[in-house]
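Following: one structure in structure tokens, then a few remarks.
Number of protein chains: 2
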Amino acid sequence: MENLEPGYDIPALPGWREDQVQTPALLVDLDALEANIARMAAAAQAAGVALRPHGKMHKSADVARLQMAAGAVGLCCQKVSEAEAFVRAGLRDVLVTNQIVDPAKIDRLARLAGMAAVGVCVDNAANVADLSAACLRHGTTLRVLVEVDTGQARCGVDTPDQAVALARAIQSAPGLDFGGVQAYQGAMQHLPTHAERQAAFQASQARLVPVLAALQAAGIACPTVTGGGTGSWGFEAASGLWTELQCGSYAFMDADYGRITGAGGSRLDAEWQNALFVLAQVMSLSRGRAVCDAGLKAMTAESGLPLVRGREGVTYQGYSDEHGQLDDPAGRLRLGDRIRLVPGHCDPTCNLHDWMVATRGGVVQALWPVTARGKVF
Amino acid sequence: MENLEPGYDIPALPGWREDQVQTPALLVDLDALEANIARMAAAAQAAGVALRPHGKMHKSADVARLQMAAGAVGLCCQKVSEAEAFVRAGLRDVLVTNQIVDPAKIDRLARLAGMAAVGVCVDNAANVADLSAACLRHGTTLRVLVEVDTGQARCGVDTPDQAVALARAIQSAPGLDFGGVQAYQGAMQHLPTHAERQAAFQASQARLVPVLAALQAAGIACPTVTGGGTGSWGFEAASGLWTELQCGSYAFMDADYGRITGAGGSRLDAEWQNALFVLAQVMSLSRGRAVCDAGLKAMTAESGLPLVRGREGVTYQGYSDEHGQLDDPAGRLRLGDRIRLVPGHCDPTCNLHDWMVATRGGVVQALWPVTARGKVF
Numbered sequence: 001m002e003n004l005e006p007g008y009d010i011p012a013l014p015g016w017r018e019d020q021v022q023t024p025a026l027l028v029d030l031d032a033l034e035a036n037i038a039r040m041a042a043a044a045q046a047a048g049v050a051l052r053p054h055g056k057m058h059k060s061a062d063v064a065r066l067q068m069a070a071g072a073v074g075l076c077c078q079k080v081s082e083a084e085a086f087v088r089a090g091l092r093d094v095l096v097t098n099q100i101v102d103p104a105k106i107d108r109l110a111r112l113a114g115m116a117a118v119g120v121c122v123d124n125a126a127n128v129a130d131l132s133a134a135c136l137r138h139g140t141t142l143r144v145l146v147e148v149d150t151g152q153a154r155c156g157v158d159t160p161d162q163a164v165a166l167a168r169a170i171q172s173a174p175g176l177d178f179g180g181v182q183a184y185q186g187a188m189q190h191l192p193t194h195a196e197r198q199a200a201f202q203a204s205q206a207r208l209v210p211v212l213a214a215l216q217a218a219g220i221a222c223p224t225v226t227g228g229g230t231g232s233w234g235f236e237a238a239s240g241l242w243t244e245l246q247c248g249s250y251a252f253m254d255a256d257y258g259r260i261t262g263a264g265g266s267r268l269d270a271e272w273q274n275a276l277f278v279l280a281q282v283m284s285l286s287r288g289r290a291v292c293d294a295g296l297k298a299m300t301a302e303s304g305l306p307l308v309r310g311r312e313g314v315t316y317q318g319y320s321d322e323h324g325q326l327d328d329p330a331g332r333l334r335l336g337d338r339i340r341l342v343p344g345h346c347d348p349t350c351n352l353h354d355w356m357v358a359t360r361g362g363v364v365q366a367l368w369p370v371t372a373r374g375k376v377f
Numbered sequence: 001m002e003n004l005e006p007g008y009d010i011p012a013l014p015g016w017r018e019d020q021v022q023t024p025a026l027l028v029d030l031d032a033l034e035a036n037i038a039r040m041a042a043a044a045q046a047a048g049v050a051l052r053p054h055g056k057m058h059k060s061a062d063v064a065r066l067q068m069a070a071g072a073v074g075l076c077c078q079k080v081s082e083a084e085a086f087v088r089a090g091l092r093d094v095l096v097t098n099q100i101v102d103p104a105k106i107d108r109l110a111r112l113a114g115m116a117a118v119g120v121c122v123d124n125a126a127n128v129a130d131l132s133a134a135c136l137r138h139g140t141t142l143r144v145l146v147e148v149d150t151g152q153a154r155c156g157v158d159t160p161d162q163a164v165a166l167a168r169a170i171q172s173a174p175g176l177d178f179g180g181v182q183a184y185q186g187a188m189q190h191l192p193t194h195a196e197r198q199a200a201f202q203a204s205q206a207r208l209v210p211v212l213a214a215l216q217a218a219g220i221a222c223p224t225v226t227g228g229g230t231g232s233w234g235f236e237a238a239s240g241l242w243t244e245l246q247c248g249s250y251a252f253m254d255a256d257y258g259r260i261t262g263a264g265g266s267r268l269d270a271e272w273q274n275a276l277f278v279l280a281q282v283m284s285l286s287r288g289r290a291v292c293d294a295g296l297k298a299m300t301a302e303s304g305l306p307l308v309r310g311r312e313g314v315t316y317q318g319y320s321d322e323h324g325q326l327d328d329p330a331g332r333l334r335l336g337d338r339i340r341l342v343p344g345h346c347d348p349t350c351n352l353h354d355w356m357v358a359t360r361g362g363v364v365q366a367l368w369p370v371t372a373r374g375k376v377f
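Each protein sequence line maps, in turn, to chains W and C.
Here our numbering is used: position 332 in the first sequence is 332, and no number is missing along the way.
Here our numbering is used: position 10 in the second sequence is 10, and no number is missing along the way.
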């Protein structure tokens with residue numbers, strides 16, 4: 001790090017106090033992160049399911065290594081370049097929970113399978129043939145899962161017959177191993193109440209059950225059923241059907257997950273700790289308004305406004321590209337004050353930053369590169 | 001570029017056809033960009049005002065160099081790290097159109113003034129003293145402008161007396177040159193009709209006029225009045241008050257500027273060409289739905305959905321982090337098809353990508369790094 005310059009290149013150095021960090025910066029509270037990772041690892045173990053956390057959320061090899069050390073079986077990714085970034089950083093088991101159809105990307109994926117255990121999802125028979133041909137070229141093997149649409153109406157096959165046909169195609173394709181079923185329903189994760197998520201889960205399960213029955217009837221062993229997110233994992237873990245959880249947000253949490261409720265109406269995020277913050281600074285107090293330096297380029301807006309932590313009565317009222325409008329009715333904020341914000345949506349917010357500032361007790365412990373930042377292709 | 005690997009590191013190589021570019025990627029149509037740059041340069045020259053395009057929009061030294069070659073007097077930036085990135089890339093005149101209050105950032109800014117002509121805005125007297133002290137330490141000079149709140153209710157002083165007091169403080173502070181007045185009203189740029197923007201401009205001008213009169217009455221020469229954006233620049237250019245325009249979006253345009261109207265009710269973007277696209281690829285066609293690979297990590301959502309170009313009847317219906325839902329009533333899309341999307345909001349969308357793929361006639365001409373991407377602090 002000696003050739004990096006704090007400020008321009010990195011927002012802090014180890015040993016700095018939080019009030020020295022150059023803002024806006026992405027802060028990771030290590031105590032909270034470690035507690036979240038331990039809690040989910042224990043829950044998965046208790047339920048007898050594997051945990052394969054989603055790397056698309058944090059995009060950080062450092063966070064992934066903590067998750068692996070706590071017993072995760074591997075990592076999920078969404079993009080080939082994301083998987084490449086994690087494999088280059090030393091991760092050895094990645095599942096691309098997505099369809100990869102571009103010839104160049106398929107080639108990269110088959111090549112990557114020579115360096116790590118690599119899986120991918122399909123919902124199209126021609127895609128199976130293309131993946132197989134690439135693996136033959138590279139002399140590698142890909143683990144291929146059939147994605148089933150369990151209610152999100154996005155990707156995935158619709159009927160048990162289609163799932164069986166694709167599984168057979170994978171089984172008979174050289175260079176491919178049939179890995180099982182991808183059954184993730186993203187749309188239910190942020191439904192506001194436990195009852196709504198439970199109902200959506202039951203509908204999702206009702207779409208999965210006949211697929212698994214058809215595979216069994218066809219004599220096709222299904223090694224893995226993988227899915228689940230931070231809003232639904234308890235249902236999948238208890239179902240006896242899913243064998244692997246893909247939760248991502250649990251490690252950091254965000255303001256949007258803070259708005260949904262768990263069983264009994266309790267706040268879902270009371271079970272977890274906010275480990276991710278955008279550190280902002282008050283940069284203008286003209287006319288009694290407080291304006292901070294964190295706007296749309298420091299956190300994304302599609303899941304609502306960030307929450308202010310540790311400043312009683314202060315709220316974040318509005319975004320522009322580089323500014324945030326704060327409401328401070330008691331007028332306590334001073335020019336230069338630093339403020340912890342809980343971003344609305346952790347995944348795309350992590351993707352904005354080159355570095356995570358890992359802190360403990362208000363002191364910077366490490367600078368973590370956001371390994372797969374911008375790896376969208 | 002020989003040690004970069006197309007795919008993982010960069011989305012394309014010069015000479016590739018557009019249908020080989022790894023998606024999602026940020027495309028810049030060079031013919032459209034050059035036309036936009038030439039048109040605004042000519043308009044500013046005809047109006048007798050200087051043009052200082054806003055670098056926060058594109059964050060690209062390559063685009064900035066084209067703007068400078070067309071007669072721009074310098075570049076605007078919003079952040080110290082952004083200004084540092086542009087100066088490192090060879091730009092020699094940058095104005096930070098923002099307040100910089102953090103001691104470490106002030107120090108970096110004063111140091112940067114030893115490498116380029118650097119300006120900054122203030123709305124606070126203590127900030128003037130801090131900037132001056134830093135310039136004395138580094139033996140440099142900063143050009144300091146008084147920001148006036150002309151109606152956005154964000155940063156900037158409120159009254160003519162405050163403006164005069166700050167201008168005097170700057171004039172008497174060693175290491176600082178009084179550069180004039182920053183008068184930018186961002187909130188009016190995207191008002192939907194010409195009449196609404198004109199009314200907002202008149203209110204903005206009504207706040208500026210007494211400030212300029214008070215400065216004159218106090219015997220303070222005001223070398224520059226700078227402001228204006230892509231939605232309002234015609235008003236500022238014709239006012240006889242503003243001496244410099246700060247437009248940014250005109251170079252690329254976006255879907256949101258396409259929704260507002262110019263004089264006579266014509267589309268504002270009919271005067272400009274869309275030069276910025278997110279190239280996406282159809283990755284799933286399960287159940288008759290087309291899903292593409294460009295979601296929230298390829299373009300931001302706060303200004304509405306992207307527009308599909310060149311695919312009749314196809315519309316972009318919804319986002320998730322890595323997916324876009326397309327509506328294709330005629331069922332013409334095929335797996336692997338590439339689609340040009342006009343993003344909703346150019347500024348934060350450019351900030352998501354590491355590279356711009358500069359194309360002409362469907363062939364890649366160059367890969368441009370997004371010089372100041374992520375330079376938020």
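Every residue, glycine too, gets a C-beta built ideally from N, C-alpha and C.
Using C-beta distances below 8 Å, list every residue in its chain close to residue i, excluding the 5 sequence neighbours before and after it, in chain order.
{"i": "residue 110 of chain W", "result": "131, 134, 135, 137, 138, 140, 142 and 175"}
{"i": "residue 251 of chain W", "result": "33, 36, 37, 40, 53, 57, 58, 63, 67 and 275"}
{"i": "residue 17 of chain C", "result": "362, 363 and 364"}
{"i": "residue 375 of chain W", "result": "59, 79, 81, 82, 84 and 85"}
Should residue i be flagged as near chain W, meaning a C-beta pair shorter than 8 Å?
{"i": "residue 171 of chain C", "result": "no"}
{"i": "residue 58 of chain C", "result": "no"}
{"i": "residue 104 of chain C", "result": "yes"}
{"i": "residue 84 of chain C", "result": "yes"}
{"i": "residue 274 of chain C", "result": "no"}
Could you tell me whether the Cβ of residue i comes closer than 8 Å to any Cβ of chain C?
{"i": "residue 205 of chain W", "result": "no"}
{"i": "residue 252 of chain W", "result": "no"}
{"i": "residue 155 of chain W", "result": "yes"}
{"i": "residue 25 of chain W", "result": "yes"}
{"i": "residue 301 of chain W", "result": "yes"}
{"i": "residue 123 of chain W", "result": "yes"}
{"i": "residue 289 of chain W", "result": "yes"}
{"i": "residue 437 of chain W", "result": "Any answer about residue 437 of chain W is impossible in this case: the structure gives chain W only from 1 up to 377."}
For residue i, collect the residues of the same chain with a Cβ closer than 7 Å to its Cβ; drop the 5 residues on either side in sequence, then sort them by chain order.
{"i": "residue 83 of chain C", "result": "77, 94, 96, 112 and 118"}
{"i": "residue 152 of chain W", "result": "185, 186 and 187"}
{"i": "residue 235 of chain W", "result": "198 and 201"}
{"i": "residue 297 of chain W", "result": "321, 322 and 352"}
{"i": "residue 106 of chain W", "result": "100, 130, 131 and 134"}
Anyone know if the C-beta pair for residue i and residue j falls short of 8 Å?
{"i": "residue 26 of chain C", "j": "residue 276 of chain C", "result": "yes"}
{"i": "residue 290 of chain W", "j": "residue 341 of chain W", "result": "no"}
{"i": "residue 189 of chain W", "j": "residue 239 of chain W", "result": "no"}
{"i": "residue 306 of chain W", "j": "residue 270 of chain W", "result": "no"}
{"i": "residue 204 of chain C", "j": "residue 230 of chain C", "result": "no"}
{"i": "residue 211 of chain W", "j": "residue 160 of chain W", "result": "yes"}
{"i": "residue 354 of chain C", "j": "residue 287 of chain W", "result": "no"}
{"i": "residue 145 of chain W", "j": "residue 116 of chain W", "result": "no"}
At the level of alpha carbons, what is the spacing between residue i and residue j?
{"i": "residue 38 of chain W", "j": "residue 21 of chain W", "result": "28 Å"}
{"i": "residue 273 of chain C", "j": "residue 32 of chain C", "result": "5 Å"}
{"i": "residue 12 of chain C", "j": "residue 364 of chain C", "result": "8 Å"}
{"i": "residue 44 of chain C", "j": "residue 50 of chain C", "result": "6 Å"}
{"i": "residue 121 of chain W", "j": "residue 247 of chain C", "result": "45 Å"}
{"i": "residue 80 of chain C", "j": "residue 177 of chain C", "result": "18 Å"}
{"i": "residue 315 of chain W", "j": "residue 327 of chain W", "result": "5 Å"}
{"i": "residue 183 of chain C", "j": "residue 367 of chain W", "result": "38 Å"}
{"i": "residue 206 of chain C", "j": "residue 227 of chain W", "result": "59 Å"}
Measure how close the beta-carbons of residue i and residue j come, nearest whole angstrom, since I'm counting them as under 8 Å.
{"i": "residue 418 of chain C", "j": "residue 101 of chain C", "result": "There is simply no residue 418 of chain C to check, as chain C begins at 1 and stops at 377 in what is shown."}
{"i": "residue 348 of chain W", "j": "residue 278 of chain W", "result": "Rounded, the Cβ-Cβ distance is 12 Å, inconsistent with contact."}
{"i": "residue 128 of chain C", "j": "residue 166 of chain C", "result": "7 Å"}
{"i": "residue 339 of chain W", "j": "residue 370 of chain W", "result": "Not quite, the Cβ-Cβ distance comes to about 22 Å (not below 8 Å), so this is no contact."}
Ignore the nearest five residues each way along the sequence and tell me which others in residue i's own chain have a CB closer than 6 Å to its CB.
{"i": "residue 23 of chain C", "result": "279, 280, 281 and 293"}
{"i": "residue 150 of chain W", "result": "183, 185, 204, 207 and 208"}
What does residue i reach in chain A if we use C-beta pairs closer than 9 Å?
{"i": "residue 257 of chain C", "result": "Among the protein chains in the structure shown, which are W and C, there is no chain A."}
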